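Here is the structure we will look at, set down as structure tokens.
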Amino acid sequence: MNHVTLNDDDLARCDVVIVGAGVAGLSAANILTSAGATVMVLEARDRVGGRALSTPAGEQRLDLGATWFWPNEPTVQTSRTELGLEAFPQRTAGDALLETPNEGAQRLDGNPIDSPAYRLSDGMQSLPERLADRLSCGTLRLEDPVRALTLTPNGVRVEALHTRLLAQHVIVAVPPALAAEQIRFEPDLPPQLRRIAESTTVWMGSTVKAVAVYATPFWQSEGLSGSAISYSGPFREFHDHSGPDSAPPAIFAFASADAFAGVSLDDAKHSFLAQLERLFGADARGATRVYVQDWSRERYTTPTVIAQQSSTATYGSSQFNEAIGGHIHFASTETATAYAGHVEGAIRAGHSAARRILDQTRSAPR
Ligand SMILES: Cc1cc2nc3c(=O)[nH]c(=O)nc-3n(C[C@H](O)[C@H](O)[C@H](O)COP(=O)(O)OP(=O)(O)OC[C@H]3O[C@@H](n4cnc5c(N)ncnc54)[C@H](O)[C@@H]3O)c2cc1C
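Under numbering that gives the first Met the number 0, the first residue of the sequence shown is numbered 0, with each subsequent residue one higher.
Right under this line is the structure:
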């Protein structure tokens, strides 16, 4: 294939390109467009939301990614109120279960597993969807993965699958380890930043989340909360996942993706149902629908090579909060200096990258 090289003068221009339409990228986009900046958001997937993914189940939606926000998270509360999104409390009433290899499933007195939390009535993905709805027409391009970012004297040249642009600033609202693997930076990322980016765990990127939907919340009528901790596996943690007013009734569980390496998602469904039956009895076999989402298999969430000493110790590192060459800014939840990993952290990371750009622009000599 012939490769046509365009001069910067031939490229369309905008103030800020945002790579990734997850919570962080779209939160940044809203701050910047409200301040009058011209913005283009380029998203690799055919949907917005990234790790916030809510799948339709009857009249409700079920979260296959992020589920809760917590009472001590002010920014997510403010965003959801501004966006007009309804919330409801996570159901915690009833007894929890504990499963061990020697003693099987035992009923605990009360529920020491769940802490008070809230969920969005239309699923967590409704938050990034609402943020995207606020953008003006043409500001968001789906199925357009960014492949290269080149610092030039005129700004940053952005090369995506279908788009080439010249931007004054770029926000990389993608987990740093994924950006380091998938995006070609020219010049390359400073060595220390590359090392940190590659070794920064993608939060929940190696997790399998499974959800079983039922005709009735049979565990609730037995006085069970739907929560369980299992030391037998393969699923380690279970919670009630029913929608508002228990519709649809559902339970979800987390497992480490390692437990299902080389296993088909169908086989993972069978072991989920078998474990639900061990914990909650024969009724648990009668799920009307079962979903299994392995986030480690998502090419736009988790890098193919996970650095050996991958950790969360680098979350919020000052290296992520200094613009590269003054023009390229990292902003995913992993870069947040507080609440990193959570939706709260993603919103904060997006807002803080956007504000840094606005401050820089205001103080630049004219
Ligand atoms: C199973 C699971 C459960 C979770 N539970 C909770 C919870 O209960 N509460 C909570 O607060 N948080 C939870 N989280 C974490 C929460 O989902 C994240 O903190 C948040 O969604 C991260 O948003 P983000 O915008 O930083 O990153 P992402 O959501 O990862 O967004 C990055 C975006 O960039 C896109 N992208 C990637 N590469 C490119 C490219 N080259 N070009 C263009 N676009 C690209 C991706 O497609 C994606 O849309 C959970 C996550 C998972 C997976």
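Virtual Cβ for every residue (Gly too), placed ideally from N, Cα, C. Computed from a prediction, not measured in an experiment: that's the story for all the values here.
Check: With 16 other Cβ atoms within 10 Å as the buried cut-off, status of S263; Outcome: exposed
Check: Distance cut-off 8 Å: A256 Cβ against heavy atoms of ligand 1; Outcome: no
Check: beta-carbon R133 near ligand 1 non-hydrogen atom, thresh 8 Å; Outcome: no
Check: Residue nearest to V169 in terms of C-alpha spacing, selected from G19, A335 and D8; Outcome: G19
Check: Given 8 Å, three or more beta-carbon pairs between the segment 256-272 and the segment 172-179; Outcome: no
Check: G285 in three-state terms, based on DSSP; Outcome: helix
Check: Identified DSSP bridge partners for D239; Outcome: I250
Check: Alpha carbon of L41 to alpha carbon of G109, nearest angstrom; Outcome: 47 Å
Check: Minimum C-alpha distance to R423 - residue among A65, R193 and D7; Outcome: The displayed coordinates of the chain run from 0 to 365. Any statement about residue 423 would go beyond what the structure contains.
Check: Nearest candidate by alpha-carbon position, reference H350, set W67, Q59 and S78; Outcome: S78
Check: Cβ pair A348, T332 closer than 9 Å; Outcome: yes
Check: Nearest-angstrom Cβ-Cβ length linking I323 and L188, presumed shorter than 8 Å; Outcome: 7 Å
Check: Close beta carbons around G242, own chain, < 7 Å, minus the five adjacent residues each side; Outcome: Q59
Check: L177 beta carbon near ligand 1 (any heavy atom closer than 8 Å); Outcome: yes
Check: Assigned secondary structure, M0 (DSSP; H/G/I helix, E/B strand, else coil); Outcome: Note on M0: pLDDT 45, under 50, position unreliable in the model; the coordinate value appears next. Three-state DSSP puts M0 in coil, outside helix and strand.
Check: Euclidean distance between Cα positions of S245 and E276; Outcome: 20 Å
Check: Where the alpha helix (DSSP H) containing G349 begins and where it ends; Outcome: V342 to S362
Check: Within 9 Å, strictly: CB atoms of V47 and Q124; Outcome: yes
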